[in-house]
Amino acid sequence: MVYIMIDPGHGGGDPGASGYGLQEKLVSLQLSKFLYDELRRYEGVEVDLTRWNDQYLSLDQRCDLANDTDADLFISMHCNSFSDSAAAGYESYVVYGARDYMTNAARKQDILHKHAMKLLKEYGVRDRGKKEAGYYVLRYTRMSAILFENLFITNQEENKWLADKDFLTKMAQAYAAGIAEAYQLQKKADDEPGPVEEELQEYWRVIKDGEEVGVFDYKPHAILSGSHAARAGLMYGEKTVTITYERVLRANRGKKEDPALQEEMVTSSLP
Ligand SMILES: [Zn+2]
Numbered sequence: 001m002v003y004i005m006i007d008p009g010h011g012g013g014d015p016g017a018s019g020y021g022l023q024e025k026l027v028s029l030q031l032s033k034f035l036y037d038e039l040r041r042y043e044g045v046e047v048d049l050t051r052w053n054d055q056y057l058s059l060d061q062r063c064d065l066a067n068d069t070d071a072d073l074f075i076s077m078h079c080n081s082f083s084d085s086a087a088a089g090y091e092s093y094v095v096y097g098a099r100d101y102m103t104n105a106a107r108k109q110d111i112l113h114k115h116a117m118k119l120l121k122e123y124g125v126r127d128r129g130k131k132e133a134g135y136y137v138l139r140y141t142r143m144s145a146i147l148f149e150n151l152f153i154t155n156q157e158e159n160k161w162l163a164d165k166d167f168l169t170k171m172a173q174a175y176a177a178g179i180a181e182a183y184q185l186q187k188k189a190d191d192e193p194g195p196v197e198e199e200l201q202e203y204w205r206v207i208k209d210g211e212e213v214g215v216f217d218y219k220p221h222a223i224l225s226g227s228h229a230a231r232a233g234l235m236y237g238e239k240t241v242t243i244t245y246e247r248v249l250r251a252n253r254g255k256k257e258d259p260a261l262q263e264e265m266v267t268s269s270l271p
């Protein structure tokens with residue numbers, strides 16, 4: 001069983017680069033979720049994301065998540081940016097020295113970069129090359145780690161593709177095909193996503209003004225708790241209180257959350 005940790009770059013108060021109203025943190029998250037979905041079509045692979053939501057994570061936390069779970073491969077998803085909007089293209093990074101010595105990470109980089117460029121060539125995207133850098137997540141992860149700069153968010157044409165879910169799905173398929181080649185993974189016979197749904201348990205997070213105040217496995221209890229929290233806030237002089245109920249599906253093992261099923265949110269605001 002090979003274990004892939006996908007790291008959507010940036011998040012929360014750190015939006016990353018932006019261009020034409022699009023933020024890097026959201027592109028990296030969307031692409032990572034699509035890659036998670038694609039990889040679930042293969043046998044013999046476990047996948048997790050360092051973040052499933054638009055939340056802030058330190059670089060340290062990202063490395064810890066991969067190191068503590070003994071991931072085999074760490075993939076950090078980013079977009080490039082530059083002050084000159086003419087800058088464009090695709091590039092990937094492994095840690096300094098990795099290409100000189102053709103480490104395991106560099107060999108995986110070769111394969112994934114090749115698959116991504118095979119797709120990107122159809123769009124006329126320039127290959128800026130397989131590079132090395134001293135990025136924190138490349139230095140402090142103990143497994144093979146690759147950082148991908150998925151096009152320039154500041155280039156108008158590439159920005160348009162990054163905003164397009166069909167394009168990001170194709171990118172995710174290219175990465176999944178690369179990972180499958182690198183680890184000799186086979187597609188599941190029925191080509192269906194794994195049995196994750198059956199293992200999932202529903203619970204509800206109650207969030208007051210951005211802070212979690214309780215977790216319940218029964219929705220009415222969550223709502224009761226939320227209205228108590230709202231009333232208490234107003235009694236103590238807060239002018240507005242926002243209570244959010246977030247439905248989360250978590251595998252019984254306690255580790256995996258299903259990204260496709262976590263979107264449902266109800267927000268109620270009291271006057
Ligand atoms: Zn970035």
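Residue numbers (full-length UniProt numbering): 1 to 271. Glycine included, C-beta positions come from ideal geometry on N, C-alpha and C. This structure is a prediction, so every number in the text was calculated from the model and none was measured.
Per-residue DSSP class, three states only, for W161: Three-state result, W161: helix.
Can you tell me which of D48, F152, D100, R142 puts its alpha carbon nearest to the alpha carbon of K130? Of D48, F152, D100, R142, the residue nearest in Cα terms is D100.
Compute the Euclidean distance between the alpha carbons of N53 and A145, then round it to the nearest angstrom. Those two C-alpha atoms are separated by around 22 Å.
When every heavy atom of ligand 1 is checked, does at least one fall within less than 7 Å of the C-beta of E158? For ligand 1, no non-hydrogen atom lies closer than 7 Å to the CB of E158.
Kindly list the residues whose CB is nearer than 6 Å to the CB of V45, restricted to its own chain and excluding five residues on each side of it in sequence; keep chain order. For V45, where only same-chain residues beyond five positions count, the Cβ hits under 6 Å are V2, L39, L185.
Going straight from the alpha carbon of G254 to that of T69, what length do you get? Confidence at G254 is low in this model, with a pLDDT of 42, below 50, so its placement is unreliable and the value that follows should be read with caution. Whole-angstrom Cα-Cα distance: 13 Å.
Is G210 near ligand 1, with its Cβ less than 7 Å from a heavy atom? Within 7 Å of the C-beta of G210 there is not a single heavy atom belonging to ligand 1.
Candidates M235, V213, K33: closest to E246 by CA position: Answer by Cα proximity: V213.
Apart from the five residues on each side of it in sequence, which residues of its chain come closer than 6 Å, Cβ to Cβ, to K219? The residues are W204.
Between the stretch 22-32 and the stretch 85-97, do three or more beta carbon pairs fall short of 8 Å? The answer is no - the stretch 85-97 does not touch the stretch 22-32, with fewer than three Cβ pairs under 8 Å.
Name the DSSP bridge partner or partners of M5? DSSP output for M5 lists D48, F74 as bridge partner(s).
State the Cα-Cα distance for the pair M5 and P15, rounded to the nearest angstrom. Cα-Cα distance, rounded: 21 Å.
For E122, is the beta carbon positioned less than 7 Å from some heavy atom of ligand 1? E122 Cβ: outside cutoff for every heavy atom of ligand 1.
Skipping 5 residues on each side, what residues in its chain have a beta carbon closer than 6 Å to that of H10? G16, E24, K25, listed in sequence order.
Expressed to the nearest angstrom, what Euclidean distance is found between the alpha-carbon atoms of A177 and D127? One C-alpha to the other measures close to 19 Å.
Cβ pair count under 8 Å reaching 3, the stretch 84-94 against the stretch 153-165: With a cut-off of 8 Å, the stretch 153-165 and the stretch 84-94 count as touching, because enough Cβ pairs lie within range.
Between G9 and ligand 1, is there a pair consisting of the residue's CB and a ligand heavy atom that are separated by less than 7 Å? The answer is yes for G9.
Residues in the same chain with beta-carbon distance under 7 Å from M143, minus the five sequence neighbours each way, listed in chain order, please. For M143, where only same-chain residues beyond five positions count, the Cβ hits under 7 Å are A66, A71, D72, L73, F74.
What is the rounded straight-line gap between the Cα of T240 and the Cα of I223? Cα-Cα distance, rounded: 17 Å.
Thinking L120 and Y175 are a contact (beta carbons under 8 Å), I'd like their distance in whole angstroms, please. Between Y175 and L120 the Cβ distance is about 12 Å, and since that is not below 8 Å, they are no contact.
Just confirm the distance between the C-beta atoms of M77 and D164, as a whole number of angstroms; I'd bet it's less than 8 Å. The Cβ separation is near 16 Å, so there is no contact.
Grab the span of the alpha helix (DSSP H) containing I223 for me, first residue to last. First-last of the alpha helix (DSSP H) with I223: 219-235.
According to DSSP, simplified to helix, strand and coil, what is L185? Annotated three-state conformation of L185 is coil, per DSSP.
Compute the Euclidean distance between the alpha carbons of S227 and I243, then round it to the nearest angstrom. Taking the straight line from one Cα to the other gives about 8 Å.
What are the residues that DSSP puts in a beta bridge with F152? DSSP output for F152 lists N80 as bridge partner(s).
Tell me the rounded alpha-carbon separation between Y135 and G21. The alpha-carbon separation between Y135 and G21 amounts to approximately 26 Å.
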